[in-house]
Amino acid sequence: MSTLNDEILREALAQLDGWQGDRGGIHRTLDITESQHAELTERIKVVADAMRLRPDLHRTDGCTQIGLDPVDGDVLTTAQVALAARIEDAYRTIAGPFQAPPQRHSRVWFWRRGADDHSVSDTA
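Numbering of the sequence shown is given in my numbering, commencing with residue 1378 and proceeding in unit increments.
Quick look at the structure:
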């Protein structure tokens, strides 16, 4: 397996939403439900087994924490970053593509020109 230099890892992490770390290991915390955690765990197990990798996966305080640490040696490999990408795809499939906190919308009332009724519009 080929190892990563700092620049390549920075570029990879920039494309992996929410993943952090360095060549000594990367990690991600997900705010998902128990049932989503169970489904994600099964998907990760299938992919990790096929790639012969063992991610650290556990549930703490209502969040799922995932860690990928070097297997042989002290530097992360391209295979581990590829597994992180597969985990991210599985997470998006399970939880949806955008897991941002809900935004508060303000209601704006306005008078439609030429109409006899009031309309409501949501603005972001």
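Cβ atoms here follow ideal geometry from the backbone N, Cα and C, with glycine treated the same way.
Because the structure is a prediction, the values reported are computed rather than measured.
Whole-angstrom distance between residue j and residue i, CA atom to CA atom
i            : j            : result
residue 1510 : residue 1454 : In the structure as shown, the chain starts at 1378 and stops at 1501, and residue 1510 therefore has no counterpart that could be examined.
residue 1400 : residue 1450 : 11 Å
residue 1437 : residue 1394 : 20 Å
residue 1381 : residue 1388 : 11 Å
residue 1429 : residue 1405 : 20 Å
residue 1396 : residue 1403 : 7 Å
residue 1467 : residue 1433 : 16 Å
residue 1392 : residue 1458 : 11 Å
residue 1347 : residue 1439 : No answer is possible for residue 1347: it lies beyond the span of the chain, which begins at 1378 and ends at 1501.
residue 1421 : residue 1390 : 19 Å
Of the listed residues the options, nearest to residue i (C-alpha basis)
i            : options                   : result
residue 1383 : 1471, 1452, 1444 and 1467 : 1452
residue 1410 : 1418, 1446 and 1403       : 1418
residue 1460 : 1416, 1387, 1440 and 1423 : 1423
residue 1431 : 1386, 1456 and 1394       : 1456
residue 1444 : 1438, 1429 and 1464       : 1464
residue 1442 : 1412, 1390 and 1408       : 1408
residue 1470 : 1416, 1440, 1392 and 1398 : 1416
residue 1446 : 1390, 1435 and 1398       : 1398
residue 1448 : 1390, 1425 and 1420       : 1425
CB of residue i within 9 Å of CB of residue j, strictly
i            : j            : result
residue 1462 : residue 1413 : no
Self-check item: In chain order, each alpha helix (DSSP H) run of at least 4 residues that lies wholly inside the segment 1402-1441
Solution: Those alpha helix (DSSP H) runs which fall completely within the segment 1402-1441 and span 4+ residues are 1411-1428.
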